[in-house]
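Below is one structure; the comments refer to it alone.
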């Protein structure tokens with residue numbers, strides 16, 4: 001479904017991503033793990049069209065997409081839940097969700113999707129008319145995922161969904177991610193909590209200073225001595 005081949009990303013003179021390649025097959029959860037500053041977010045932003053790539057190619061459903069604008073990729077079925085959630089705090093929960101469906105022409109179908117989102121996240125249903133900035137961190141994360149789901153994505157890019165959340169909420173969020181995959185959405189997950197990510201994923205890639213240093217079956221990576229030492233404590 002997604003194929004990234006030898007991409008390079010620069011921020012000015014800084015070479016953030018170096019010859020990175022990865023694949024995500026339809027129906028999988030694939031995780032990208034690594035320390036802070038390893039280039040995980042830069043990789044997701046390159047895939048979703050937010051960071052231009054200097055070299056390499058990105059293919060989605062066998063079509064080359066690395067020169068497409070981000071909103072066109074959303075139209076093709078790729079949605080991203082950004083690091084730090086990035087919800088619109090001065091708009092209501094419902095307004096935030098509607099923004100996620102801005103490319104959808106059939107508003108009746110978009111309303112149906114909103115009801116599905118509320119069914120999945122009953123806590124944000126209770127707060128649908130509330131300003132999003134007044135929600136707790138966990139509720140904001142649920143809203144950010146719900147907003148991405150409003151676009152009916154085939155591929156969901158999740159950036160650090162557990163960041164800053166209490167362990168009990170993290171568990172809930174990861175259960176939701178599992179459900180989303182079970183209902184047919186493919187997921188590329190960037191996550192600093194390597195232990196949780198590898199328990200959830202089918203396959204994983206380990207990123208260090210902008211390069212993939214290890215990849216494989218998630219369970220194998222979970223039991224890999226080097227990964228355990230570096231990321232699993």
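Numbering (UniProt numbering), first residue to last: 1 to 233. Positions of the beta carbon are idealized from the N, C-alpha and C atoms, including for glycine.
8 Å contact criterion, which residue i and residue j should meet: CB distance rounded
i	j	result
residue 144	residue 87	6 Å
residue 78	residue 153	6 Å
residue 165	residue 138	5 Å
residue 128	residue 172	Not quite, the Cβ-Cβ distance comes to about 19 Å (not below 8 Å), so this is no contact.
DSSP-derived helix/strand/coil call for residue i
i	result
residue 224	coil
residue 198	helix
residue 313	Because the chain spans 1 through 233 in this model, residue 313 falls outside it and cannot be assessed.
residue 184	coil
residue 38	coil
residue 64	strand
residue 131	strand
residue 120	helix
residue 28	coil
residue 164	coil
residue 147	helix
residue 175	helix
residue 109	helix
residue 75	helix
residue 49	coil
residue 115	helix
Same chain only: Cβ atoms within 8 Å of residue i, ignoring 5 sequence neighbours per side
i	result
residue 75	103
residue 64	57, 58
residue 179	120
Bridge partners - residue i, DSSP secondary structure assignment
i	result
residue 206	33, 214
residue 99	BP columns for residue 99 are empty, so no partner.
residue 80	157
residue 57	5
residue 10	15
residue 23	3
residue 189	31, 158
residue 92	131
Beta-carbon contacts of residue i that lie in its chain and below 6 Å, excluding the five residues immediately before and after
i	result
residue 26	1, 186
residue 110	101, 104
residue 214	206
residue 150	97, 100, 101, 113
residue 82	159
residue 177	none
Cβ-based neighbour list, residue i, same chain, cut-off 7 Å, excluding 5 preceding and 5 following
i	result
residue 10	16, 54
residue 18	8, 210, 211
residue 174	196, 200
residue 121	142, 146
residue 12	none
Cβ contact check for the stretch 187-207 and the stretch 28-37: 3 or more pairs under 8 Å: yes
Contact between the stretch 132-143 and the stretch 90-107 (3+ Cβ pairs under 8 Å): yes
Sufficient close CB pairs (3 or more, under 8 Å) joining the stretch 200-214 to the stretch 34-50: yes
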